Every structure is written in C-alpha cells, then in structure tokens.
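Step one of this worksheet: look at the structure below.
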Amino acid sequence: MSDMKCWDRLGLAPTPDEREIKRTYARLLKATRPEEDPEGFQALRLAFEEAMWQSSEMSRTPPQPVVPPDSERDPREVEAEALLRPHIEKLAELNEQGTEEEAMAKLAAVLDAFELRDAGARDPLLWQLFEDGMLWVCCDIAANHDAFLRAGVSLFGWMEPDSWLRQRDPKTVEWLGLRLHEADALEAVDELLALLDEGEERQAMVELARLAEAEVLINVDVRHLFEAELMVSLSEYDNMPLQFAGAALTLFGWRRDHRHLEEYHPDAWREFGRKIKPLIVF
Amino acid sequence: MIIGIDLGTTNSLVAVWRDGQAEMIPNALGHALTPSVVGLDDSGAVLVGLAARERLITHPQLTTAVFKRYMGSDRQTRLGTQLFRPEELSALVLKSLKADAERYLGEAVTEAVITVPAYFSDAQRKATKIAGQLAGLKVERLVNEPTAAALAYGLHQNEPESRFLVFDLGGGTFDISILELFEGVMEVRASAGDNFLGGEDFSEALIDGFIEAVGKQHGLTDKEADPVVYQALRKQAEQAKRGLSGTAEVAMELRYQEQNLRWAIGEEAFLKLCEPLLKRLREPIEKALRDARLKAIDLDQIVLAGGATRMPAVRKLVAKLFGRMPAMNLNPDEVVARGAAVMAGLKARDETLNEVVMTDVCPYSQGIEVSEQIATGRFQPGFYLPIIERNSVVPISREQVVSTIVDNQMALHVSVYQGESRLVKDNIFLGEITIPVPPRPAGQISVSVRFTYDVNGLLEAEMTVAETGEKHRLIIEENPGVLTPAEIEEKLAALAKLKIHPRELLPNAQLMARADRMFQQALGEERQWIAQATARFQSMLESQEETTIKQGRDELKTLLDQLEGEGWL
C-alpha cells in the first residue's frame, strides 16, 4: 500500500495519533467483519497496519504534565520545593551521568542537610516533597543506579504491602519490583564476568547453569534483560570464552530464538555472532 | 440456535448465547462438565461422560479417554470388537452434548462453534470439523481456545482499553495468547503453545512417582500393564493434584495384589517431580511476547483458563513468571465454553454483540519447499520458504513466485509445510501437488503460489503458471490423518448403527458404574455395604416406578458420597 492510500481507505488525514487510527479502524471493522467480508477485511487491515506504522514514524511531542500555577499553591510548599529542586535535579543528573558512589554520596548529603534522617524530628512537608522527588528520580528518568533505587525503596517503604504507593498506583510498584529484580540479575551478570576475567571459565559455566534454574531469573522480563546484557558483555571480549558462550546458547535456547537479543542491541549481536563462528553456524 | 462447544481432552462443555449472556448447558446429570470419555455398556450401547469415566476402572477394555490427543492421526481405538477413529470418539461426545443442548433449549440444534487448541495443525482442525459433521452438527466456526477464553474475559472487562495474556493449560494442551482490547475490538496479537502439555501429564508424573516410590518394591513396575490398576492410579493422581498446596501432604493409595500401597507426597516433592513439565511452560510465553513485541510488564492482566490452572503449583509459577498474581474471576473450567458461546452469538449476529468484533491470528507459519542455489548451477532441495508468516491476522492471502531451475523442466512439484524451521524436514508436511509446465530454459517459467488462510484456520493453496495462466488448486486433504468425503459417508453410516445409551437413563447408569468401581476398590465391610446397596437399587430399577427409582438413587448416592466424598468433577 503506497504512502497515502492507507489514509484514504481509513478516511483519515495522516496523523501521529494512534488512538484516533484505532478508533477509526474499530468503527470500520464493525461494518467489515473478517468472517463476513474476508477481502474487504484484508484491505482494511492492511491500511490499518500501514497507518499505524506511518504514525509511529511521525515525530510526536509528549504530553506535558499539568501542574497548577504556583499562585494556587500553599506558599510554604512552593518555597520548600524551590529549596529542594536543585538537589533533586542533581540526584537525577548523577544517576544518569555520574557514578553510583557519587549518587549515593549526594543522597546522604541531602538527608543530612535537610535533617531528614530522624522520622520523629524531620519536617513532614519537606519529607513528603523529598519523597515525590525521589519517586521521580527512581521511576521517570532515563537511568538510575541500582543501589540508589534500593535506597529509595527502603527509605520510603514503597514496596511494603500496605504502602500508599501500592494503593494509589499499583502499576508503579509492580514496575519498581521488576527494576529491583533486574538489578539482582545484572549483578549476577557482573559476577559471571568477574569469574571469566579471573580465568575461571569452568566455574562460570557451573554458575550459569545454576542461574538458568534460579529464582532470580524466573520472571520473563528479568530473564530477557539478563540474557541481553550477558550477550552484550560477551560480544565485547577480544578472546571470546567459547565454552561459556556455548553454554549460554544452549541453556537459554538462543539457537532457537534470538530475536530479543538482536532487537536489544543489533551491533552487539552481530559482533557476538562473528566471535562465536568457531562454535556454530547460525 | 448455534451452540458453543469446548471439546476438551479431559472434559467437554456446551454453552449458548442467550439474552445477552453466555449460559452453560447442563448434561443429563445436571453437570456443566461432561468427561470426554466414551465406552460401551454391557449391552453394547454407547455411554458418554461420567458413567463412562467410572467404567474406565471396571471395564477398561470397553472404555477410552484422552482421544483428543490423537485427532488428526489415523490411530484407532478398540472398544470390545469395534475400532474407532479419534473423530468418531469425538463425534460421540459431541452427539451427547448436542442432545443435552436440544433438551435444554427445547429445539433441534444443527449448528455449532467448536473450540480447538490454538496450536492445532491443519489436519487436527479438519478432524475436528469432521467430528462435528459425524455428530450431525454443521461446524460454523472453529475458534482457538485461548481466543475463546479471551472473548469471555474481554466482555467482562470494564477497562475500555487493555492488553492481556491468556494462559490456557487444559487437560492435554497448552496455549498462550496475547490480546489487545480497544473500542470493542478484541485483537489477538500473538499465539503460541505446546500441543502435548496439559494436566494429564501432571497426573502421569504423579503415577510415575508412585511407581518409583512404592510400586517397584511391591512388584508394580509397568503402570499400563493392567488397565484396572492404571485407571485406579489415574484417579488417585487426579485427586492428589488438586489437593497439593502449601505444607500439607496428600496420599495416593492403591490396592495391589492383596497389598495396600500408600504414598504421601508434599508440594515440594511434587514440584520436583513436575519440573520438566513446568519448564516447558516458559518457551511459548517468551515466544508469544516476542511475537507481540511486548514485555510482561506491559500487560494489564494475566488470565487463567483450563482446569489444570487450578493446580496451586501452576498458579504460583505463573505469578513468578509475570511478577504478579493472575486473575481468575471466571471459572477456568468454563471460560473457554463461555467464549465459544460468545462466538456463536457473534456468528448468529446477535444484536447484543453488535459492538464486538474479534480478530485472530494464525499461530504458525506456512510455506513451501524450495531449492536453493549453493553454487552456480547447483541446487539443493529441502529449504523452507514461508508464504504466510506466523501471527499474521486472519483471514489472509499471500503470494510468492517461484521458478524452474532446470532447462526444459516439465513439471513443478509443490510441497506445503507448516512450521518455523529453515529446513522442511523439521516442519510439518501438509500436502503436495505436481503441476505440468511448458518446457523452457531454466528460470523462464514462473509460478505464483498463493496461500489463503481462513478464519477457521484452514489453508488453501493456489498455483498459477504465469506463461499459460493455468491454475491449480491444492486441496490439502490427502493426509492419512484426515478422512476423505467417501470415508466420512461410511463412518456416518457406521455411527448411525450404534446404539446410544438412553439419555434419561444416564443418571442410573452413572450411579451403577460408580458403585461397581467403588466395589472393586473397596475392602471388607465397605464392600458388603456397597454390594447390598447396589442389589437393593437394582431391584428398585426393575420396579420401573419413577418415584421408587429416584428414592433408590438418592439412597445409593448418599452412601457412596459418605464413603468417598462427592464425586471428583
């Protein structure tokens, strides 16, 4: 289907709004049911898929969050927020660009500077604003350090069964839980690499076989990330530990299905494939 | 009225769409579940359902179960002196469900929607359609089981937009489907599965564990050597499977050669025993998520379907795999049948469903065998060229062009396969056709191969020779697993000759079969009670007075329930 035809079939002007495309498709679909009009349906479906693809290619501006103007807020809150904001932004920056040590040191410094450590003595309003900021750093920025995330979770008890966050936003808690599990899995990758660097390939293989069955990798998303990060790390070796790589291929079924690895990092996958050539032909 | 049928490996159900909702139809015993078990009674009449299941233990030579696993093959089962194909056995179950529906609705029923595992192959789907035909039902539509489950769930969703995954572990098959719901559209994004993994395998694992732990030391080494022993063990395993949860242990008991064998097992040991089975659950989930390009965290809900998802071990694993608890607000035994009823309502254009449309996908790729050039002028056959990619939305029609590879080639051989492997030998063969082509230099004759895959999951292939415009159609029916039209006629006549146990007498037959089975399993005093009560009921049956018979039935049922608890449906 050429560029504009799909929009004609849907009766829409080209739009990046996926919801609008879906709505239109749904309306037309009810008059072109797959079991009643197979040909009409196939044409409609083709137009829909093409339009969805084109819309994803168009540039989109993300919706801006609605924040009430300062004039409508408690002046004390505005003042406290202005005080905290640069520190929260610094924490975000250190998570995205700095080292884990730097981020953790800054966190400790903020807790001390605003006297937030003692639950009985700290200012409740300041604590609440700090929690909002920390939640943003832990959930919404591009990257954060695992230790930092763990510290946030333990400071505010977000993962507790009766936390306010779990009640108000269970999806975020679910997401945080996944991130914590992912952090454990990434740690496991680091330990494997350390063994390999020490020349303990045998032992690394034993450990990998254990991990393949272990609780830490049961979750499908966690396992996905573990496999991908392991592959990327292996692709960087000049001298590929071939037996270990072979064990990974077998234990995680990469011969059968490696689309997730390819999608995660196409260049690393190509490099990995090149380096394990002596082992197998894909 | 079109009925919706879940033709399961272990149990089958029938439902109907009426007054804007799915309604389960009870069988002659008042149950929604009819065991997919077929047998002959002592007079040679066909028994279906619970009565037949009771007789699996007492009359194993006259009774059979789990035949859905052989659909699409020509494996025959002997009952007494007669041989039955899996389609015929399925047809007998369907006939029984049809009779239940006719009684319940008070009208003749001739059309049905039947569910099949998403991962059923072309031959298995055709066999299911033929089973319907043999039962006197026009199969209006075959629906994938997880899609049906999703339809039932989707209608209960309050969220206007959501994505969910249906985890359907039935008696014999395992299916995963990922769906997206928006504006009344239920869109299947991907399906994957394992046709040979289900609750029955967990029972088998328990039986093997029993043999290993206590059977062997008492001379019981081959579980299938004695059908009576095997069926008694299956029943014990079935009960144990349901009880296994937390720290409590459950016991499996067997009377074997004058000895009482007993084996207690806890949840942890059970998990160890089932580890190879539980491991097989992962791959289809990963495959479906990757096909749908989604992460588990993107899903709004995990939905359970299929009786085997009642097993606590399975539910715990699902929770760990997805990092959240699965939803179970519909009865997992009934959810597929309810979805089949929704589909029947859609098919009948019921106006309460005007705002609902469902689109499904083909769960596997389909293509042809081609030769690839490995050096100049040297070709090697055996390569697979997919024409329809798996998880494309159906119906779909796609075309590929192939050409001749030898000078003056006279014919072109087209072999059709389904599967995902690069080499055809690792895929499933569906059918083949040889088409004549005019002699020309190599590569000058091209043939376009068009595959059309319909909403029922059935495939048609059409070849067009570009030079001559000549068209050839491949009817993929010449498969040993699929009956030809002539054979269907023959089977219809054979089935018509079979005597069916009268439906209204089924409650009595079921009770007598149960009493016989319990008599065989019981000992000493208990045995005497059962014998006396059975004899008394027998004499009441002979009185032919409905009130007396009903009273006798209640008495006997009360006694049996006291002895072993209420049935095990």
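Sequence order for the protein chains is C and E. For the first sequence, the positions run 1 to 282 when the UniProt record's numbering is used. For the second sequence, the positions run 1 to 569 when the UniProt record's numbering is used. Note that CB positions come from ideal geometry on N, CA and C, so glycine has one too. The model shown is predicted, which means the values in this text are computed figures rather than measured ones.
For this session: Kindly indicate the opening and closing residues of the beta strand (DSSP E) around E96 of chain C.
Result: For E96 of chain C, there is no enclosing beta strand (DSSP E); the residue is found in the alpha helix (DSSP H) stretching over P75 to E96.
Problem set entry | Per-residue burial, N391 of chain E [other beta carbons within 10 Å of its own, 16 or more giving buried] | By the 10 Å Cβ count, N391 of chain E comes out buried.
Problem set entry | Residue from E:G132, E:F174, E:Q124 and E:L289 with nearest C-alpha to L299 of chain E | Checking every option, the nearest Cα to that of L299 of chain E belongs to E:L289.
Problem set entry | Closest residue to E267 of chain E among E:V482, E:A248 and E:K129 (Cα-Cα distance) | Out of E:V482, E:A248 and E:K129, E:A248 has the C-alpha closest to the C-alpha of E267 of chain E.
Problem set entry | Cβ-Cβ separation, L430 of chain E to Q418 of chain E (assumed contact under 8 Å), whole Å | Yes, Q418 of chain E and L430 of chain E are in contact; Cβ-Cβ is about 6 Å, under 8 Å.
Exercise. Is there at least one non-hydrogen atom of the ligand FMN closer than 7 Å to the beta-carbon of R503 of chain E?
Worked result: Questions concerning the ligand FMN fall outside what the structure shown contains, since it holds no ligand whatsoever.
Exercise. So A118 of chain E packs on P146 of chain E, CB below 8 Å; how close in whole Å?
Worked result: At roughly 6 Å, the Cβ-Cβ gap stays under 8 Å, so A118 of chain E and P146 of chain E are in contact.
For this session: Name the two residues that bound the continuous beta strand (DSSP E) containing A177 of chain E.
Result: It is Ser, not Ala, that sits at residue 177 of chain E in the sequence shown. From DSSP, the beta strand (DSSP E) with S177 of chain E extends over F174 to F182.
For this session: With DSSP collapsed to three states, give me the class of L165 of chain E.
Result: Note: L165 of chain E maps to strand in three-state DSSP.
Exercise. How big is the Cα-Cα spacing for L155 of chain E and R338 of chain E?
Worked result: Going from the Cα of L155 of chain E to the Cα of R338 of chain E covers about 11 Å.
Problem set entry | Span of the beta strand (DSSP E), counted from its first residue to its last, around P381 of chain E | Its beta strand (DSSP E) spans residues R378 to I388.
For this session: Helix, strand or coil for L569 of chain E, going by three-state DSSP, please let me know.
Result: With a pLDDT of 43 at L569 of chain E, under the threshold of 50, the predicted position of this residue should be treated as unreliable, though the coordinate-derived value follows. For L569 of chain E, the secondary structure class from DSSP, reduced to helix, strand or coil, is coil.
Exercise. Which residues in the same chain have their Cβ closer than 7 Å to the Cβ of K491 of chain E, if we skip the five residues on either side of it in sequence?
Worked result: When the five nearest sequence neighbours on each side are left out, the beta carbons in the same chain lying within less than 7 Å of the beta carbon of K491 of chain E are those of E88, L134 and L483, in order along the chain.
Exercise. Leaving out the 5 sequence neighbours to the left and right, which residues in its chain are closer than 6 Å to V188 of chain E when beta-carbon positions are compared?
Worked result: Only T147, S177, L179, D360 and V361 meet the Cβ criterion.
Exercise. Can you list the residues of chain E that A228 of chain C reaches, using a CB-CB cut of under 7 Å?
Worked result: What A228 of chain C touches in chain E: nothing, since even the nearest Cβ is about 12 Å away.
For this session: Taking only runs that begin and end inside the region 274-316 of chain E, name each unbroken beta strand (DSSP E) of 3 or more residues, in chain order.
Result: The DSSP assignment places 301-305 as complete runs of the beta strand (DSSP E) inside the region 274-316 of chain E, in order along the chain (cut-off: 3 residues).
Exercise. Going by beta carbon distance, what residues of the same chain come within less than 6 Å of R450 of chain E, once the five residues before and after it are set aside?
Worked result: Only E399 and E462 meet the Cβ criterion.
Problem set entry | Contact under 8 Å by Cβ, D257 of chain C with K279 of chain E | Between D257 of chain C and K279 of chain E, the C-beta gap is not smaller than 8 Å, which leaves the two residues out of contact.
For this session: Determine whether the Cβ of I21 of chain C lies closer than 8 Å to any Cβ atom of chain E.
Result: No, because no Cβ of chain E sits closer than 8 Å to the Cβ of I21 of chain C.
Exercise. Can you name the residues of chain E whose CB is closer than 9 Å to the CB of Q167 of chain C?
Worked result: Correct list: empty, because the minimum Cβ distance to chain E is about 16 Å.
For this session: With distances taken Cα to Cα, identify the nearest neighbour of R293 of chain E among C:R270, C:D238, C:E262 and C:I276.
Result: It is C:E262 whose Cα lies nearest to the Cα of R293 of chain E.
Exercise. Is any beta-carbon of chain C found at less than 8 Å from that of T359 of chain E?
Worked result: With respect to chain C, the C-beta atom of T359 of chain E has a partner C-beta closer than 8 Å.
Exercise. What in chain E is Cβ-close to A26 of chain C, meaning under 8 Å?
Worked result: The contacting residues are F182, E183, G184, V185 and V357.
Problem set entry | Complete beta strand (DSSP E) runs within the region 323-403 of chain E (minimum length 3 residues, chain order) | Secondary structure in the region 323-403 of chain E: the beta strand (DSSP E) runs of 3 residues or longer, each lying completely within the stretch, are 357-361, 366-375, 378-388 and 396-403 in chain order.
Exercise. With a cut-off of 8 Å, does the C-beta of D257 of chain C fall near any C-beta of chain E?
Worked result: Interface residue, yes.
Problem set entry | Residues near M1 of chain E in its chain [Cβ-Cβ closer than 7 Å; skip 5 each side] | If we look at M1 of chain E and ignore the five residues flanking it on each side, its Cβ neighbours are V16, L105, E107 and V109.
Exercise. By Cβ distance, which residues of its chain are closer than 8 Å to D17 of chain C, with the 5 residues on each side in sequence left out?
Worked result: Within the same chain, and ignoring the five residues on either side of D17 of chain C in sequence, the residues whose Cβ sits closer than 8 Å to its Cβ are S55.
Exercise. So, N408 of chain E versus P381 of chain E, is the Cβ gap smaller than 8 Å?
Worked result: The Cβ atoms of N408 of chain E and P381 of chain E do not sit closer than 8 Å to each other.
Exercise. Rounded to a whole number of angstroms, what is the C-alpha to C-alpha distance between K347 of chain E and D37 of chain C?
Worked result: When rounded, the distance between both Cα atoms is 13 Å.
Exercise. The alpha helix (DSSP H) with V173 of chain C in it runs from where to where?
Worked result: Where V173 of chain C is concerned, the enclosing alpha helix (DSSP H) stretches over P170 to D197.
Exercise. Between the C-alpha atoms of F282 of chain C and M24 of chain E, what's the straight-line distance to the nearest angstrom?
Worked result: With a pLDDT of only 43 at F282 of chain C, under the threshold of 50, the placement of this residue in the model should not be trusted; the figure read from the coordinates follows. Distance between the alpha carbons of F282 of chain C and M24 of chain E is about 51 Å.
Exercise. Between E:V414, E:A375 and E:E238, which lies nearest to I387 of chain E when the distance is taken from Cα to Cα?
Worked result: Sorting E:V414, E:A375 and E:E238 by C-alpha distance to the C-alpha of I387 of chain E places E:V414 at the top.
Exercise. Exposed or buried, what is V314 of chain E when buried is set at 16 or more other beta-carbons lying within 10 Å of its beta-carbon?
Worked result: Buried: at least 16 other Cβ atoms inside 10 Å.
Exercise. What did DSSP end up calling W158 of chain C once you bin it into helix, strand or coil?
Worked result: Three-state result, W158 of chain C: coil.
Exercise. Quick one: what does DSSP say G39 of chain E is sitting in, helix, strand or coil?
Worked result: If DSSP states are grouped into helix, strand and coil, G39 of chain E belongs with the strands.
Problem set entry | 8 Å Cβ cutoff met for L559 of chain E and A533 of chain E | Cβ atoms of L559 of chain E and A533 of chain E: closer than 8 Å.
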